[in-house]
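Numbering (my numbering), first residue to last: 88 to 613.
Don't be surprised by glycine CBs; every beta carbon is placed ideally from N, CA and C.
A quick write-up on the structure given underneath.
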């Protein structure tokens with residue numbers, strides 16, 4: 088590892104990205120440092136979310152002539168933000184809600200370091216508390232971060248685990264969690280739902296809700312629909328595979344100002360064209376090589392194309408692009424599914440919440456409510472509004488809602504649960520509110536792993552990126568999006584003889600030899 092250099096800062100050592108001494112380095116594929124000016128290849132990146140921004144950045148840093156297409160007016164994908172005017176005349180930034188930047192998101196954090204080397208635009212939250220409707224509360228603040236003490240410490244400190252509950256559990260059924268490897272975990276558990284897997288283990292219901300189903304809800308999915316392999320992978324990433332723990336950072340300002348505007352500026356300085364508000368209408372493979380991309384009524388030639396879209400966007404573009412990929416690949420893309428709808432309600436209140444309320448609170452047993460964020464406790468824009476008005480800014484999330492959910496009723500129900508959790512808010516007047524209903528996240532359904540696209544395709548020069556993509560690495564959520572974007576860029580750079588980019592992941596297997604041996608005793612299909 089000595090002497091490795093990060094691809095975005097030539098001359099600096101490739102230092103380990105976090106505190107975990109077992110973090111895994113995937114060295115950059117070798118090649119020339121940079122393409123030659125006018126003769127440099129051209130690449131179209133379709134989609135301006137995390138995956139598309141990672142791919143565009145990685146390519147532009149090697150001299151590739153990049154055009155980034157984004158249908159919406161803002162970059163960031165599911166972390167985009169846009170201005171809105173409140174009833175009191177204030178212009179603020181609205182988004183699709185809270186996202187946690189965990190310390191083991193090595194490649195996402197490396198992308199952000201391009202414009203913020205010290206990650207000074209992120210701020211850490213001191214805890215990740217979880218609260219059940221019964222009043223029971225769990226916390227990760229004092230849980231050890233190094234496995235296996237992390238999992239053991241959580242059990243020991245949690246009121247959700249009682250001795251009589253532990254005696255009823257079936258530890259043999261839990262053995263696959265002790266040595267999660269990709270892609271083996273999918274062969275073992277993709278045919279089982281997260282709900283059924285947890286049922287087989289016999290976790291006490293309260294612990295299941297607070298310690299495991301929070302992961303399922305992170306995928307915007309009901310545990311009965313989610314593949315147990317994805318839940319097991321999350322358990323590995325946060326509990327038994329990584330020493331970074333479950334604490335996380337959040338942007339100190341809204342997403343555009345803190346993250347995407349600086350990155351877009353850097354892309355432009357590298358010579359990339361960033362075309363927001365521009366939907367790609369079709370991609371055509373040219374028989375002599377390369378592609379033709381149609382957008383805004385004009386067709387442009389490219390040597391390569393990165394499809395960095397959500398499942399619905401990918402399905403639609405492939406359906407519109409005759410001859411893009413072989414029949415088997417097109418059929419798999421057409422079968423990709425989208426997770427159920429979710430709601431983000433942001434409320435501007437005329438009174439403060441109690442000073443000891445956490446910045447983020449995960450919930451269970453509070454109806455449709457999955458978590459509460461007090462934005463004015465950590466986001467600069469919200470804090471300034473609260474300081475000026477004497478109020479507060481609160482955000483409520485509800486995931487995996489039925490398709491026939493009545494929106495007005497659900498929004499009122501979330502507000503009622505907020506009043507139950509934080510009684511002081513019942514006396515506050517809602518100055519203004521924004522309710523974002525969305526349904527565009529991937530569904531990692533039981534048995535669906537084989538249909539998910541890989542980065543590479545059968546078409547030379549066509550690659551896919553996004554959190555839907557199979558990477559063969561222990562990554563998930565935003566980190567899977569960032570990692571797949573770098574992997575897509577690396578594949579194209581390799582085709583052109585250009586040097587790729589170093590990547591890091593949490594360890595690719597269970598950390599303890601004894602625990603790996605025990606997991607092996609569970610058998611391949613159990």
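1. Let's see if you can read the secondary structure: which residues bound the alpha helix (DSSP H) around residue 497?
2. Skipping 5 residues on each side, what residues in its chain have a beta carbon closer than 7 Å to that of residue 518?
3. Rounded to the nearest angstrom, how far is the Cβ of residue 497 from that of residue 448, given a contact under 8 Å?
4. Between which two residues does the alpha helix (DSSP H) holding residue 408 run?
5. Counting Cβ pairs, one atom from each stretch, are 3 or more of them under 8 Å apart for the region 338–354 and the region 203–210?
6. I'd like to confirm the pairing. Which residues does DSSP put opposite residue 156 in its beta bridges?
7. Just to confirm my understanding: we take residue 463, look at its own chain, exclude 5 residues before and 5 after, and list those with CB closer than 6 Å. What are they?
8. Please return the same chain residues whose Cβ sits closer than 6 Å to the Cβ of residue 150, not counting the five positions on each side in sequence.
9. Runs of 3 residues minimum, wholly inside the region 370–397: which ones carry the beta strand (DSSP E) assignment?
10. For residue 329, name the three-state secondary structure that DSSP assigns.
11. What is the residue span of the beta strand (DSSP E) that residue 571 lies within?
12. Can you tell me where the alpha helix (DSSP H) holding residue 286 begins and where it ends?
13. Can you tell me the Cβ-Cβ gap for residue 491 and residue 115, rounded? I've got them flagged as a contact below 8 Å.
14. Short of 6 Å in beta carbon distance, which residues of its chain neighbour residue 146, apart from the five on each side in sequence? Order them along the chain.
15. Could you compute how far the alpha carbon of residue 581 sits from the alpha carbon of residue 571?
16. Taking the beta strand (DSSP E) that residue 476 belongs to, which residues open and close that run?
17. Is residue 432 buried or exposed, if buried means 16 or more other CB atoms sit within 10 Å of its CB?
18. Within a Cβ cutoff of 7 Å, which residues of the same chain sit near residue 524, ignoring the five residues on either side of it in sequence?
19. Give me whichever residues DSSP pairs with residue 182 in a beta bridge.
20. Suppose contacts are defined by Cβ-Cβ distances below 8 Å. Is residue 370 in contact with residue 380 by that definition?
21. Between the C-alpha atoms of residue 390 and residue 584, what's the straight-line distance to the nearest angstrom?
22. Does DSSP put residue 211 in a helix, a strand or coil?
23. By the three-class DSSP mapping on this structure, what secondary structure does residue 100 have?
24. Return the CA-CA distance between residue 607 and residue 368, expressed in angstroms with no decimal places.
25. Put residue 95 into one of helix, strand or coil per three-state DSSP.
26. DSSP on residue 482, reduced to helix/strand/coil?
27. Please state whether the Cβ-Cβ distance between residue 233 and residue 110 is less than 8 Å.
28. In the DSSP assignment, find the beta strand (DSSP E) that holds residue 431 and state where it starts and stops.
29. Look at the alpha carbon of residue 195 and the alpha carbon of residue 204, and state the distance between them as a whole number of angstroms.
30. List the whole-angstrom C-beta distance separating residue 357 from residue 202, where the pair is believed to meet the contact cut-off of C-beta under 8 Å.
31. Whose C-alpha, out of 548, 214, 191 and 501, is nearest the C-alpha of residue 446?
32. Does residue 418 come within less than 8 Å of chain C when only Cβ atoms are used?
33. Using DSSP with H/G/I as helix, E/B as strand and the rest coil, what is residue 355?
34. For residue 132 versus residue 155, is the C-beta spacing smaller than 8 Å?
35. Start and end of the beta strand (DSSP E) containing residue 523?
36. Do three or more CB pairs link the region 257–276 to the region 318–327 at distances below 8 Å?
Working from what's here:
1. 494–508
2. 173, 174, 175, 435, 436, 437 and 478
3. In fact, because the Cβ distance is near 19 Å, the residues do not count as touching under 8 Å.
4. Per DSSP, residue 408 belongs to no alpha helix (DSSP H) and is neither H nor E.
5. yes
6. 133 and 362
7. 469, 470, 473, 479 and 480
8. 121, 122 and 127
9. 378–382, 385–389 and 391–394
10. coil
11. Note, residue 571: premise wrong, no beta strand (DSSP E); alpha helix (DSSP H) at 564–582.
12. 281–288
13. Their Cβ separation, rounded to whole angstroms, is 49 Å, which puts residue 491 and residue 115 out of contact at 8 Å.
14. 130, 153 and 576
15. 15 Å
16. Run containing residue 476: none in the beta strand (DSSP E); it sits in the alpha helix (DSSP H), 467–476.
17. buried
18. 428, 430 and 494
19. 168
20. yes
21. 14 Å
22. strand
23. In this prediction, residue 100 scores a pLDDT of 45, lower than 50, which makes its location untrustworthy; the coordinate-derived value is nonetheless stated afterwards. It is coil, neither helix nor strand.
24. 49 Å
25. Only weak support exists for where residue 95 lies, its pLDDT of 46 falling under 50; the coordinates are left without a value.
26. strand
27. no
28. 429–436
29. 13 Å
30. Not really, about 12 Å apart at Cβ, beyond 8 Å.
31. 214
32. This model lacks chain C altogether, as it is built from one protein chain only.
33. helix
34. yes
35. 517–525
36. yes
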